[in-house]
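One structure is given below, encoded as structure tokens.
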Amino acid sequence: MGHAFQQLSVIENNGRQAAYQLVERCDEVTGDLEAWAKDRLTAGRFQQGLYVAERGRTRDDGRDDELDVDVWLAWDGFGTSQVVFS
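Okay, here's the thing in structure tokens:
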């Protein structure tokens, strides 16, 4: 198995389907994924929208990353209004 990572993406709708736009990815994994995501959103002046924070491991065989946990956050530009799904 590869190395651990966590990432934050915004979910956008192009009119036909949802698309995930990567905001930040790091190899330093913190204890609380939700707290990390909220901190990144607060520090980054992001637009309001739906965001997903994910944690997992890369695969050595080149296939897609293996995700262990995700947290969905509704961001209003100042703070998270709710955790949608975790």
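Residues in the sequence shown are numbered consecutively from 235, following this note's numbering.
Quick reminder that beta carbons are idealized off the backbone N, C-alpha and C, glycines included.
Residue i versus residue j - alpha carbon distance
| i | j | result |
| --- | --- | --- |
| Gly-290 | Arg-259 | 11 Å |
| Asp-295 | Leu-256 | 22 Å |
| Ala-271 | Ile-245 | 14 Å |
Close Cβ partners of residue i (< 6 Å) along its chain, the five nearest in sequence each way excluded
| i | result |
| --- | --- |
| Ala-238 | Val-263 and Arg-291 |
Residue i, DSSP secondary structure in three states
| i | result |
| --- | --- |
| Gly-236 | coil |
| Arg-293 | coil |
| Gly-283 | strand |
| Asp-302 | strand |
| Arg-274 | helix |
| Glu-288 | strand |
Own chain residues within Cβ distance below 7 Å of residue i, not counting five before or after
| i | result |
| --- | --- |
| Gln-282 | Trp-309, Asp-310 and Gly-311 |
| Asp-302 | Arg-289 and Gly-290 |
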